[in-house]
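**Q** What follows is a single structure, and I will ask about it in a moment.
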Amino acid sequence: MKKINDYLYSGDTVLKILQRYSEDLKQSSKETHNQIDLVHCNFLLQIAELLQHNEFLTSQSQRIREFYKHMANEYPFLAFTFKGRIKSLIRAEAKFNGYIVEYIYDYYIKHGNYPSLPELKNYLNCFRDLIAYRIVISLPKCHLKEGEIWTDEENKYLYDVANQLLGFMEERGFTAEIASLKGQKKSPLLRESVSPYYRDYVVNPETSGYRSLHITFYDNIARCYVEVQLRTKEMDDFAEIGPANHLGYEKRQESERAKRNAIPKGENIYFDDAYERGIMLQQLELSKLDVNMFSAVNNSLINDGCGLYRGRLILPYEHLSRFQNDLVD
């Protein structure tokens, strides 16, 4: 079985790692007649395409920057940031294999057998967040009127931004996708016309407590999908440095072990390979990797200049409210 771990110690660039890994995986898929490895190969080529050709990102980021300027005019009293990134190679690899494990496990628990190859291949055609942008807002407390609750007011502005975003983006060559979050509650703050396009984790928080608004667009000019996340600063802190970050990791570890115990080893090669690749990625000692433009003292202190582990930053904008100094008591 080919796994990305074997390509991370030779001093290659991320693009070279992608090239070697995908070529070997493709050859292996032909020898073993493993069609999921071929799907995996095509997924890796998508990432390589994003990393190699940045011209379309210039157009895309310029159009998204127009919404940043719109917000600066519309909400001069808000502090907010716009960030964009291409998903890191390690994170993308982990997510691809995680989707295989999750889908086969859920199918097995529900039906007592395994999904067909066409069903699994169709499910793996669901990646829409290789490019993602995040908008984080913060309302200065001094801007609150008497009797107003800070978090409630911030949420109102968050939904107001969400209501404006969809139409603004579609006027500039983006097409929104219908949301895939089934059975979600609807916030009255989200307009009926835009609600079907948002995965609303604010009123439908995940078990970890994670909250955010997610929407997926197809960029008809750049011909790729992008995800946009909208959060308040409190939601962003919770997700990035708070309980959703740490608890999520521990729960994910427990969940993965439970899935391995439920699926007998040797019964489904796609599950076995994906599970092993995922476990190997969790056990990476980053300080021992030798990847060009990447270095790590340990698993916490990381300097990633190539998008191997943390993703490649493509859009940093920050708008400071004229009340910025009043954000902290």
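In our numbering, each residue carries its 1-based index in the sequence shown increased by 42. Cβ coordinates follow ideal geometry from the N, Cα and C atoms, glycine included.
#1: What separation, rounded to the nearest whole angstrom, lies between the Cα atoms of K224 and G126?
#2: I'd like the span of the alpha helix (DSSP H) that includes R107, first residue to last.
#3: Is it buried or exposed, Y145, if we count other Cβ atoms within 10 angstroms and call 16 or more buried?
#4: In terms of DSSP beta bridges, what is Q271 paired with?
#5: Under 8 Å from any heavy atom of the ligand NAP, does the C-beta of H185 make it?
#6: Under 9 Å, do V268 and Y141 count as touching if we go by C-beta distance?
#7: Taking the continuous beta strand (DSSP E) assigned at E360, which residues delimit it?
#8: Relative to the C-alpha of N303, which candidate in D171, W192 and V143 has its C-alpha closest?
#9: Quick test of your reading: L181 and I78, contact by CB under 8 Å. State the CB separation rounded to the nearest angstrom.
#10: Which whole-angstrom value describes the C-beta separation of Y252 and A281, a residue pair presumed to lie in contact below a C-beta threshold of 8 Å?
#11: What alpha helix (DSSP H) runs, 4 residues minimum, are completely inside the stretch 174–240?
#12: Name the residue from F124, D54, I344 and F169 whose alpha carbon lies nearest to the alpha carbon of N334.
#13: Please name the residue, chosen from Q88, K45, M43 and S71, that lies closest to L57 on a Cα-to-Cα basis.
#14: According to the neighbour-count rule (16 or more other Cβ atoms, all chains shown, within 10 Å of its Cβ), is L50 buried or exposed?
#15: Please name the residue, chosen from I132, T100 and E309, that lies closest to I59 on a Cα-to-Cα basis.
#16: So what's I128 in DSSP terms, helix, strand or just coil?
#17: Rounded to the nearest angstrom, what separates V178 and S235 at their Cα positions?
#18: Would you kindly report the start and end of the unbroken alpha helix (DSSP H) that includes S71?
#19: On the three-state DSSP scale, how would you describe N155?
#20: Tell me which residues share the same chain as R354 and place their Cβ nearer than 8 Å to its Cβ, disregarding the 5 neighbours each side in the sequence.
#21: Reducing DSSP to helix, strand and coil, say where D171 ends up.
#22: Put N340 into one of helix, strand or coil per three-state DSSP.
#23: Rounded to the nearest angstrom, what separates M211 and I106 at their Cα positions?
#24: Take N164 as the anchor and find which of V81, I46 and K111 has the nearest alpha-carbon.
#25: What is the C-beta distance between S229 and R241, in whole angstroms, given that I count them as a contact (C-beta under 8 Å)?
#26: Which one of I311, Y312 and D148 has the shortest CA to CA distance from K301?
#27: Where do the ends of the alpha helix (DSSP H) carrying E352 lie?
**A** So, from the data block:
#1: 27 Å
#2: Counting along the chain, the alpha helix (DSSP H) containing R107 begins and ends at E97 to E116.
#3: buried
#4: R176 and H256
#5: Within the structure as shown, the ligand NAP is missing, as the structure has no ligands at all.
#6: Remark: C-beta atoms of V268 and Y141 do not approach each other more closely than 9 Å.
#7: Y359 to H361
#8: Per the Cα distances, V143.
#9: Not a contact, Cβ separation roughly 47 Å.
#10: 5 Å
#11: 192–212
#12: D54
#13: Q88
#14: The residue is buried, with at least 16 neighbouring Cβ atoms inside 10 Å.
#15: I132
#16: strand
#17: Cα-Cα distance, rounded: 23 Å.
#18: From DSSP, the alpha helix (DSSP H) with S71 extends over V56 to T74.
#19: coil
#20: L93, R127, I128, S130 and C348
#21: coil
#22: coil
#23: Each residue's alpha carbon lies about 8 Å from the other.
#24: V81
#25: About 12 Å; that fails the 8 Å criterion.
#26: Selected option, being the one with the closest Cα: D148.
#27: The sequence shown places Arg at residue 352, rather than the Glu named in the question. First-last for R352: undefined, no H or E at that position.
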